[in-house]
Each structure stands twice: as C-alpha cells, then as structure tokens.
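So the sequence shown is residues 164 to 273, counted in my numbering.
Ideal Cβ positions, reconstructed from N, Cα and C, are used throughout, including at glycine.
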Amino acid sequence: AVSQYIQQLFMMRLYPEDDGSSNEGEEEENMELRNAVKVSHTFTGIGSMIAFLSGSFVYQAFLVKGVAFLGLSIMLLKLLTNDNIDYLLHVDSNANKNKHEQAMPQQQHQ
Numbered sequence: 164a165v166s167q168y169i170q171q172l173f174m175m176r177l178y179p180e181d182d183g184s185s186n187e188g189e190e191e192e193n194m195e196l197r198n199a200v201k202v203s204h205t206f207t208g209i210g211s212m213i214a215f216l217s218g219s220f221v222y223q224a225f226l227v228k229g230v231a232f233l234g235l236s237i238m239l240l241k242l243l244t245n246d247n248i249d250y251l252l253h254v255d256s257n258a259n260k261n262k263h264e265q266a267m268p269q270q271q272h273q
C-alpha cells in the first residue's frame, strides 16, 4: 500500500495536471509511460504473490534456513539480472553513439 502511494505521488509530480498546452505527441508518450508503469506494478504484485507462496512452501519444508537461502538466491538473481540489463544498455548506447559519430564526418563533407 505504501509503495502504491509513493508511485502515485511520483507520477503526480512527473505528470502535473494538464493545462492544455501540451501537444498530442507528448500526450501519447506520457500515456505509453503510464501504461508501462501499470504493467510494471502488475508484475510486481504477481512477483510478490509468487514470493509469498514459495516462501511459505520452503518454510514448511526447510524452516528458517531454507527461507534465508531462498531470499539470498532471489537477491543474487536480481542483482545479476540488473547488471546484465545495465551492461546490455551500456553496450547498445555505445554502439549507437559510435554509429552516430561515424556518420557525422560523412555528413560534414557532403
């Protein structure tokens, strides 16, 4: 409940009340971002449900040490996932930057 409030507060600050001056392209971009946040929040809820159920089953079978190992495993998996995403985004952004820099001298000579 607190995370939903924080997310809503962030969205309200990011997208203040429309004063009618924004163009249509901006509104579409804002709606795409809002939909992405909704999807993210939905999958966070699903992940929480899975974590609760798996935690309950692991506790029943392996008690506290099993739940601690499960939590540690999930944390490490999240860290690896985040690192891989950051690495891929960094590699992709560098590739795009290099393509752009290589195209610039050609445009200046034309």
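- Whole-number beta carbon distance between residue 221 and residue 233, since they are thought to touch under 8 Å: Mapped onto the sequence shown, residue 233 falls at position 70. Mapped onto the sequence shown, residue 221 falls at position 58. The Cβ separation is near 5 Å, so the contact holds.
- Message: Quick test of your reading: residue 218 and residue 200, contact by CB under 8 Å. State the CB separation rounded to the nearest angstrom.
- Response: Residue mapping note: residue 218 aligns to position 55 of the sequence shown, counting from 1. Residue mapping note: residue 200 aligns to position 37 of the sequence shown, counting from 1. Rounded to the nearest angstrom, the Cβ distance from residue 218 to residue 200 is 26 Å, too far for a contact under 8 Å.
- Pairwise C-alpha distance: residue 196 and residue 203: Along the sequence shown, read from residue 1 onward, the residue named residue 203 stands at position 40. Along the sequence shown, read from residue 1 onward, the residue named residue 196 stands at position 33. Those two C-alpha atoms are separated by around 10 Å.
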